[in-house]
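Protein chains in written order, with this note's numbering: chain L, 509 to 623; chain V, -18 to 97. Glycine is no exception: its CB is placed at the ideal position from the N, C-alpha and C atoms. Since the model is a prediction, treat every value here as computed from it, not as a measurement.
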Amino acid sequence: GAGVSQTPSNKVTEKGKYVELRCDPISGHTALYWYRQSLGQGPEFLIYFQGTGAADDSGLPNDRFFAVRPEGSVSTLKIQRTERGDSAVYLCASSLNGLAANEQFFGPGTRLTVL
Amino acid sequence: AQKITQTQPGMFVQEKEAVTLDCTYDTSDQSYGLFWYKQPSSGEMIFLIYQGSYDEQNATEGRYSLNFQKARKSANLVISASQLGDSAMYFCAMREGMEYGNKLVFGAGTILRVKS
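Below, the structure is given as structure tokens:
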């Protein structure tokens, strides 16, 4: 498919465990974003990559959250020592570049449940 | 202060009628962009329409139009001829500044239900 894909679609884990969430952006898109959407709320920005580098990580809630994009394509969001409050849908989006007018295309999300 | 305010938690509209979803925003930037996204129950975020702060014409995309009132800092979405498939959550979002990669700031959303 040509859209943004995310794996897994659902992840259930126990408090304290480590999880990795994967995002495959649209081919050729240099900008990649991670958002978190809690139940009944709008998405909240976590981090933005332009190419391989994290250009803006101001939305990461604390140092348990980390993301990488080593080859400028696939990105992995990593959460250490998960807490129940981390339960949410994690959305990935990509855009052609980071220009302001460019639409962000969203993936289907990964629903993370921390028990 | 909230950057994006959507004051209607839920709205009902009769099929084939028009509906307006409200959005007000708060920014001190002169350059910014406003977006509307649709999120059906399946969860994906679908881009609907974009308005740049310097665009003089209101944006339109098919049945969607954006009523942009810059002085009032409002960017309401108008859906004409509502269809049952329009039932979904609708989010207004803003991107501040024109430099690369500005994040989107979303409102809390409005649930729209289209009645047959």
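In summary, the residues of the region 560 to 577 of chain L whose CB is separated from some CB of chain V by less than 9 Å are 563, 564, 566, 567, in the order they occur in the chain. Contact between residue 596 of chain L and residue 584 of chain L is ruled out by a C-beta separation of about 17 Å, above the 8 Å threshold. The straight-line gap separating the alpha-carbon atoms of residue 540 of chain L and residue 556 of chain L is approximately 6 Å. Interface annotation, residue 37 of chain V: not in contact with chain L, CB-CB separation never under 8 Å.
Beyond the five residues adjoining it in sequence on each side, residue 521 of chain L comes within less than 8 Å, by CB distance, of 527, 590, 620, 621, 622, 623 in the same chain, given in chain order. For secondary structure counted as the beta strand (DSSP E) over 3 or more consecutive residues, the region 572 to 616 of chain L holds these complete runs in sequence order: 573 to 576, 583 to 587, 596 to 603. Looking at the backbone, the Cα of residue 96 of chain V and that of residue -6 of chain V are separated by about 6 Å. Non-local C-beta neighbours of residue 572 of chain L in its own chain, meaning closer than 7 Å and more than five positions away in sequence, comprise 587, 588, 589, ordered along the chain. The Cβ atoms of residue 16 of chain V and residue 35 of chain V do not sit closer than 8 Å to each other. Identification of residues in the region 84 to 96 of chain V having a C-beta nearer than 8 Å to some C-beta of chain L yields 84, 85, 86, 87, 88, 89, 90, given in sequence order. Within the region 580 to 607 of chain L, the residues whose Cβ lies closer than 8 Å to some Cβ of chain V are 597, 599, 601, 605, 606, 607, listed in chain order.
Listed in chain order, the beta strand (DSSP E) runs fully inside the region 26 to 55 of chain V are 27 to 33, 45 to 50, counting runs of at least 3 residues. A straight-line Cα-Cα distance of about 19 Å links residue 40 of chain V and residue 87 of chain V. Assigned with DSSP and collapsed to three states, residue 88 of chain V falls in coil, not helix or strand. The shortest C-alpha to C-alpha distance from residue 532 of chain L to any of L:543, L:513, L:550, L:547 is the one to L:513. In terms of CA proximity to residue 537 of chain L, L:607 leads the group L:607, L:518, L:544, L:617. The CB of residue 26 of chain V comes closer than 7 Å to the CB of 599, 614 in chain L, given here in chain order. Runs of the beta strand (DSSP E) lying entirely within the region 509 to 543 of chain L, each at least 3 residues long, are 513 to 515, 518 to 521, 527 to 532 in chain order.
Distances from the CA of residue 582 of chain L to each of L:546, L:550, L:559 were compared; the closest alpha carbon is that of L:559.
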